[in-house]
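First up is the structure itself, then whatever we jot down about it.
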Amino acid sequence: MQFTKTLIGLVASAVAVNAASVKFWTLDNLERTVYFTPSPGSPEIEPVTVSNKENTTVQFPDVYRGNFYAVTKGQENKPGMLGEVAFGAWGGMTFFDVSAIVTPDDHNNVKQMWPEGETGPMSGCDKFPCDNAYWVWDDVQTKATHSVDIVTTLGEGSTGLTFTL
Numbered sequence: 006m007q008f009t010k011t012l013i014g015l016v017a018s019a020v021a022v023n024a025a026s027v028k029f030w031t032l033d034n035l036e037r038t039v040y041f042t043p044s045p046g047s048p049e050i051e052p053v054t055v056s057n058k059e060n061t062t063v064q065f066p067d068v069y070r071g072n073f074y075a076v077t078k079g080q081e082n083k084p085g086m087l088g089e090v091a092f093g094a095w096g097g098m099t100f101f102d103v104s105a106i107v108t109p110d111d112h113n114n115v116k117q118m119w120p121e122g123e124t125g126p127m128s129g130c131d132k133f134p135c136d137n138a139y140w141v142w143d144d145v146q147t148k149a150t151h152s153v154d155i156v157t158t159l160g161e162g163s164t165g166l167t168f169t170l
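Under our numbering, the residue at position 65 of the sequence shown is numbered 70, and the numbers go up by one with no gaps.
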């Protein structure tokens with residue numbers, strides 16, 4: 006019995022450690038709701054409200070593919086600049102990018118993405134437009150990392166960080 010409890014505890018700990026996440030860092034004073042759109046086979050994730058009062062971290066399953074977009078409080082809920090993620094993808098890697106394909110003129114919501122605790126690779130722009138976002142279907146802008154934790158900035162402002170692309 007003790008062995009079973011220990012084994013279950015270890016498995017639960019491993020799942021918790023391996024869970025993926027996106028930390029939303031709001032750079033301005035606007036409140037936003039972040040909406041998630043899973044790819045087929047990935048689970049739904051509930052929208053979250055974020056602001057500059059604190060960073061908000063959303064947990065994802067080990068294997069998840071989909072995107073998210075932010076909507077400023079009081080604005081219509083329609084997709085803008087996208088943050089795209091593939092956790093637990095080929096070789097266990099995380100793939101991510103900021104995509105301007107849907108709404109390229111959304112310059113005030115999803116801005117930059119990078120692995121937490123690292124300075125690159127980074128996708129997106131401090132100021133749009135730039136050459137480091139996904140603008141057309143065949144852009145080579147998707148980034149890859151072994152990290153399962155991604156930071157995403159929202160809104161106008163600067164992180165004060167210097168990134169490697």
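Think of the CB as a built atom: it goes at the ideal place given N, C-alpha and C, for glycine as much as any other residue.
- In the assembly as shown, Asp143 is an exposed residue. Its beta-carbon has fewer than 16 other beta-carbons within 10 Å.
- Here Gln117 is buried. Its C-beta has 16 or more other C-beta atoms within 10 Å.
- For Phe29 against Asn57, the beta-carbon gap comes to about 10 Å, at or over 8 Å, which does not count as contact.
- Under DSSP, Pro84 shares a beta bridge with no residue.
- Taken in chain order, the complete beta strand (DSSP E) segments of 3 residues or longer contained in the segment 22-65 are 25-31, 37-43, 53-55, 61-65.
- Per DSSP, Phe101 is one residue of the beta strand (DSSP E) stretching across 99-104.
- In chain order, Arg37, Tyr74, Ala75, Val76, Thr77, Gly85, Met86, Leu159, Gly160 place their CB closer than 8 Å to the CB of Asn114, counting only its own chain and leaving out the 5 sequence neighbours on each side.
- Counted as a single uninterrupted DSSP element, the beta strand (DSSP E) harbouring Gly71 occupies residues 69-77.
- The DSSP-derived three-state label of Trp119 is strand.
- Under a 10 Å Cβ-count criterion, Leu35 is classified as buried, with 16 or more other Cβ atoms of the shown protein chains found around its own Cβ.
- Separation of the CB atoms of Gly162 and Leu32 is rounded to 3 Å, and the pair is thereby assigned contact status at 8 Å.
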